[in-house]
Amino acid sequence: MQLQNAFAYRDPCSMTDEDYQPLMDLASHFIPCNKSLFWSKTKDLVHRFTKANHDFLTLEDTLVGYIADELSWCGDLATGINYQSCPKWSECENNPGTIYWKMASKMFAEAACGTVQVMLNGSIETGAFRNDSFFGGIEVPNLNPDKISTMHIWLMHDMDGPQSETQYVKVPGQKDYDSDLRPENRQRYDEVIISPGAYIHPIISIQRFCRIL
Numbered sequence: 159m160q161l162q163n164a165f166a167y168r169d170p171c172s173m174t175d176e177d178y179q180p181l182m183d184l185a186s187h188f189i190p191c192n193k194s195l196f197w198s199k200t201k202d203l204v205h206r207f208t209k210a211n212h213d214f215l216t217l218e219d220t221l222v223g224y225i226a227d228e229l230s231w232c233g234d235l236a237t238g239i240n241y242q243s244c245p246k247w248s249e250c251e252n253n254p255g256t257i258y259w260k261m262a263s264k265m266f267a268e269a270a271c272g273t274v275q276v277m278l279n280g281s282i283e284t285g286a287f288r289n290d291s292f293f294g295g296i297e298v299p300n301l302n303p304d305k306i307s308t309m310h311i312w313l314m315h316d317m318d319g320p321q322s323e324t325q326y327v328k329v330p331g332q333k334d335y336d337s338d339l340r341p342e343n344r345q346r347y348d349e350v351i352i353s354p355g356a357y358i359h360p361i362i363s364i365q366r367f368c369r370i371l
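Shown next as structure tokens:
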């Protein structure tokens, strides 16, 4: 009912954070340290992994994520709920789904602590890390460097597909890297660890680590 109350009888392109705040407050819950697993363009793979391995939680494994996963919804000024079609992000950014997932992603990132895991897709032409993705644009800026000790990045490849070049992620709250951290001065790792205290670190490909189906 809290979800329906947030968008029913509303212009589907006029949603705000305040509309969902009561639901977010009601559905928020404690996430243990070292359990948070973020992802971008690896949804099927990451959820097959968490289904088999219960050591980690994605956003969709939390209550806020579970109740809205794979759903599309929006209001209608006349009938209350539009059961036929809803605007996409490209049509209006403030649609019910986009606002909901932005808030849920922000809340999930703010709750993360200890060591966090990230599963990215290294076989897409646009690059594994994108500033305009939910992970790059919402979750990374809302990670708290005072609560996060380490970030492990898993760069997943389609065994038959292309493999992306080295990329960089800026950890929130840190300065730009200096000459000592230029790519040619960095050691290459099979498993990459990004620490909030180390400015900018590379995401290095784990060659043929896993097939993305």
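Residue numbers (my numbering): 159 to 371.
Yeah, the Cβ is synthetic: ideal placement off N, Cα and C, and Gly gets one too.
Note that the structure is predicted; figures quoted are calculated from it, not measured.
If you check the CB distance, residue 167 and residue 233 come in under 8 angstroms. Under the three-state reduction of DSSP output, residue 205 falls in the helix class.
Put simply, the backbone Cα of residue 312 is about 12 angstroms away from that of residue 281. Under the three-state reduction of DSSP, residue 160 is assigned to helix. A residue is called buried when at least 16 other Cβ atoms come within 10 angstroms of its Cβ; residue 217 meets this threshold and is buried. Fewer than three pairs of CB atoms, one per stretch, sit closer than 8 angstroms, so the region 176-187 makes no contact with the region 202-211. Where residue 173 is concerned, there is no enclosing alpha helix (DSSP H), because DSSP gives it neither an H nor an E. Around the Cβ of residue 254, a 10 Å sphere holds 16 or more other Cβ atoms; the residue is buried.
Within the model, the alpha-carbon separation for residue 208 versus residue 310 is close to 16 angstroms. In the three-state DSSP reduction, residue 179 falls in the helix class (H, G or I). Judged by DSSP secondary structure, residue 291 falls outside any beta strand (DSSP E); it is assigned neither H nor E. For residue 259, the enclosing alpha helix (DSSP H) stretches over residues 254-269. Partner residues in the beta bridge of residue 274, as assigned by DSSP, are 309. In the DSSP assignment, residue 229 falls outside any alpha helix (DSSP H), carrying neither H nor E. Residue 249 sits exposed, since fewer than 16 C-beta atoms from the chains shown fall within 10 Å of its C-beta. In this structure, the straight-line span from the alpha carbon of residue 177 to that of residue 222 is close to 15 angstroms. Ranked by how close their Cα comes to the Cα of residue 161, the residues 212, 195, 226 and 213 have 226 in first place.
In the three-state reduction of the DSSP assignment, residue 234 falls in the strand class.
In summary, residue 247 is exposed, with fewer than 16 beta-carbon neighbours lying within 10 Å of its beta-carbon over all protein chains present.
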